[in-house]
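In terms of the numbering used here, the sequence shown opens at residue 391 and continues consecutively.
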Amino acid sequence: MTSVLRMERLRCEDPQDSLTDEIMIQANGRQVWPPSGSFSLSTGTEVPMRVDVSFDGEVNVQLFDEEDIGPDDRLNGVIISEGDTNGPRTFDITGPDWHYILTYRVKSLEF
């Protein structure tokens, strides 16, 4: 069954860097937000995203900090499954010195 993940908004509670992170999100290894480059977020900033990603089974959503993405720039993420349809939901993307909140929903596409 095909599902659609809608990432609705991202909130920065605490950036990894001292003031501002340059954020990018990948879904299954492909950049989905922003469409190119990165987006600057600092403490208390919430940005509407409205990004839709089609997937089968599950989708791996990863948050990165930095303009040039490398393996050491991945902050953390979440694996979202197609059965996760009671939304909207939030997920805390956290680490030792950062905290982001992703709000999303999943919709099943039945043909």
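Here a beta-carbon is modelled for each residue, glycine too, at the ideal position from N, C-alpha and C.
Please read these numbers as outputs of a predicted model, since none were measured by experiment.
Length of the line joining the Cα atoms of residue i and residue j
i, j, result
"F445", "M439", "18 Å"
"N476", "E448", "15 Å"
"G434", "R401", "7 Å"
"T480", "H489", "13 Å"
"I469", "N450", "4 Å"
"V496", "S432", "27 Å"
"Q406", "E472", "30 Å"
"S426", "T493", "21 Å"
"E403", "E436", "9 Å"
Residue j beta carbon less than 8 Å from that of residue i
i, j, result
"D455", "D463", "yes"
"M391", "S498", "yes"
"T340", "S428", "Outside the modelled stretch of the chain, which goes from 391 to 501, sits residue 340, for which no answer is possible."
"E398", "P486", "no"
Beta-carbon proximity list for residue i, same chain, < 6 Å, skipping 5 on both sides
i, result
"Q452", "Q416, R464 and G467"
"D442", "V394 and R396"
Paired residues, beta bridge with residue i - DSSP
i, result
"P438", "R399"
"G443", "At residue 443 the sequence reads Val, which differs from the Gly that was named. Beta-bridge pairing links V443 to L395."
"E448", "S471"
Run of the beta strand (DSSP E) containing residue i, from where it starts to where it stops
i, result
"N418", "No beta strand (DSSP E) holds N418; DSSP gives it neither H nor E."
"S408", "Counting along the chain, S408 falls outside any beta strand (DSSP E), and DSSP gives it neither H nor E."
"S432", "F429 to S432"
"N476", "Taken as a continuous stretch (DSSP letters only), N476 belongs to no beta strand (DSSP E), as it is neither H nor E."
"S471", "R464 to S471"
"S426", "No beta strand (DSSP E) contains S426, which DSSP labels as neither H nor E."
Min CB distance residue i to chain C below 8 Å
i, result
"E456", "Among the chains of the structure shown, chain C does not appear; only one protein chain is present."
Close Cβ partners of residue i (< 7 Å) along its chain, the five nearest in sequence each way excluded
i, result
"Q421", "M414"
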